[in-house]
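257 is the number that numbering that gives the first Met the number 0 gives to position 258 of the sequence shown; each next residue is one higher, with no gaps. For glycine and all other residues, C-beta sits at the position ideal for the given N, C-alpha and C.
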Amino acid sequence: MDISNKITENQYRSIVEASMIAIGILSLSRVVSKSAYQEAWISVILGGVYPIIVVLLASFIDKKMNGYSFEKINNKIYGKVLSKIILIIFSMRFIFSEASVISGFSNVARIVIIPFISPYMIIVILSLMTFYTAINGLTMVGRLCEMVSYVLIILVIIMISFLVEGHIINVRPVFSSFKNIISAIPNSLYSYAGIELSYIVIYFISNKTNTKKAGMQAVLFTIFVYASNVFVIIYSLGWEITSKNSYPILFLASILEIPIIENLRTTLMVLWAFVIFRILVCYLFASAYCLSKAFNIKYKASVLIAIILSAIGSIFMIPEYNRADIIDKITPYMVGLGMLWGIITSIIIIIKNKKVSNNFYKRGN
0 MDISNKITEN QYRSIVEASM IAIGILSLSR VVSKSAYQEA WISVILGGVY
50 PIIVVLLASF IDKKMNGYSF EKINNKIYGK VLSKIILIIF SMRFIFSEAS
100 VISGFSNVAR IVIIPFISPY MIIVILSLMT FYTAINGLTM VGRLCEMVSY
150 VLIILVIIMI SFLVEGHIIN VRPVFSSFKN IISAIPNSLY SYAGIELSYI
200 VIYFISNKTN TKKAGMQAVL FTIFVYASNV FVIIYSLGWE ITSKNSYPIL
250 FLASILEIPI IENLRTTLMV LWAFVIFRIL VCYLFASAYC LSKAFNIKYK
300 ASVLIAIILS AIGSIFMIPE YNRADIIDKI TPYMVGLGML WGIITSIIII
350 IKNKKVSNNF YKRGN
């Protein structure tokens, strides 16, 4: 790894944001409205507690470990053997997410904009584009994430404009069933999974002033994007229609007319494609970084290995019902991994720091 992996705090913010926003833009409203009905957007907000905890843990660990790299933190806390195992697990975790996003994009693209292209061809093209971007290092990834952040803002503005259609009755009553709201929270977690990337990239920030603030800004913006997405769709369509459509926002776009935009659904898909490309590049960097450190191989070689594994994995997630079934089984483990590593590592750091302080106090006396 070299200087080309240095990023600014603003780029860190964009990368953290990028690590979470992907397929959920299209499908989250359907998934959560099945359990929480018209109050699904509240479940999405409450689910945002998970990424908040992770970015706070990432900032805490980085500060207490004097800005060490992810690899060095694991070496110091868990020893070299366990460190290698942890790096491999994190690498596989990001390779899985890469595969799920590639296949998800392929499944949607074939239905909406390019039905004449084989899904396998889409996988190959997308994998090559991701490979040639990520191979240049995190600096390039950070710049891409910054630029696409503006694209995402445009996407959010268009999405909010859908509020002109719909009725307030579709989102009422509010807080009618806390049981339903709570039951839908686990379904929102896949959309936030990926935030674990913050553990890895925080080390590369060159101008650290307030990493906690940068991480929180990214997470809060992401929560807003997802919650407003679900609210707008239910407000416009009602939870019954929302829960029965595979991609509710695309269905809504197909029946709405905005004077400035001729083909609203295609416009949304093009903007969304940039968002997807951004998250793929982030995941590829993370998986390749962990692979390179675990097996002591060059970063560029690890990028190639990671993208090949991701492309192969994505093939098994076509069609969409295969992908959904696999994700439902794997997501709880991904979320558990992100929480457990951060919490256990933080506890060990606190215990070690207390021992050092006690020893220093005894010597002083």
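Spatial distance of residue i from residue j (CA atoms)
i           : j           : result
residue 300 : residue 183 : 41 Å
residue 216 : residue 145 : 14 Å
residue 233 : residue 275 : 24 Å
residue 352 : residue 136 : 34 Å
residue 68  : residue 151 : 30 Å
residue 324 : residue 95  : 14 Å
residue 1   : residue 159 : Confidence at residue 1 is low in this model, with a pLDDT of 49, below 50, so its placement is unreliable and the value that follows should be read with caution. Roughly 41 Å separates the two Cα atoms.
residue 6   : residue 127 : 24 Å
residue 11  : residue 194 : 12 Å
residue 76  : residue 347 : 7 Å
residue 155 : residue 74  : 41 Å
residue 236 : residue 316 : 29 Å
residue 344 : residue 338 : 10 Å
residue 213 : residue 85  : 26 Å
residue 50  : residue 336 : 13 Å
residue 87  : residue 71  : 14 Å
residue 266 : residue 33  : 27 Å
residue 252 : residue 333 : 32 Å
Inter-residue CB distance, residue i and residue j (contact presumed, cutoff 8 Å)
i           : j           : result
residue 19  : residue 191 : 5 Å
residue 340 : residue 37  : Incorrect: roughly 36 Å between the Cβ atoms, too far for contact.
residue 46  : residue 188 : 6 Å
residue 255 : residue 164 : 6 Å
residue 204 : residue 44  : Contact flag wrong, Cβ pair sits at about 28 Å.
residue 287 : residue 133 : 7 Å
residue 310 : residue 60  : So it is not a contact: roughly 32 Å between Cβ atoms.
residue 13  : residue 141 : 7 Å
Residue i - partner residues in DSSP beta bridges
i           : result
residue 365 : Lying outside 0 to 364, the shown extent of the chain, residue 365 is not represented and no answer is given.
DSSP-derived helix/strand/coil call for residue i
i           : result
residue 17  : helix
residue 186 : helix
residue 171 : coil
residue 73  : helix
residue 65  : coil
residue 157 : helix
residue 179 : helix
residue 255 : coil
residue 226 : helix
residue 239 : helix
At 4 residues or longer, what runs of the alpha helix (DSSP H) sit wholly inside the segment 96–148?
With a minimum length of 4 residues, the continuous alpha helix (DSSP H) runs that stay inside the segment 96–148 are 118–133.
Sequence ranges, alpha helix (DSSP H) only - wholly within the segment 277–347, length at least 4
Fully enclosed alpha helix (DSSP H) runs of 4 or longer: 298–314.
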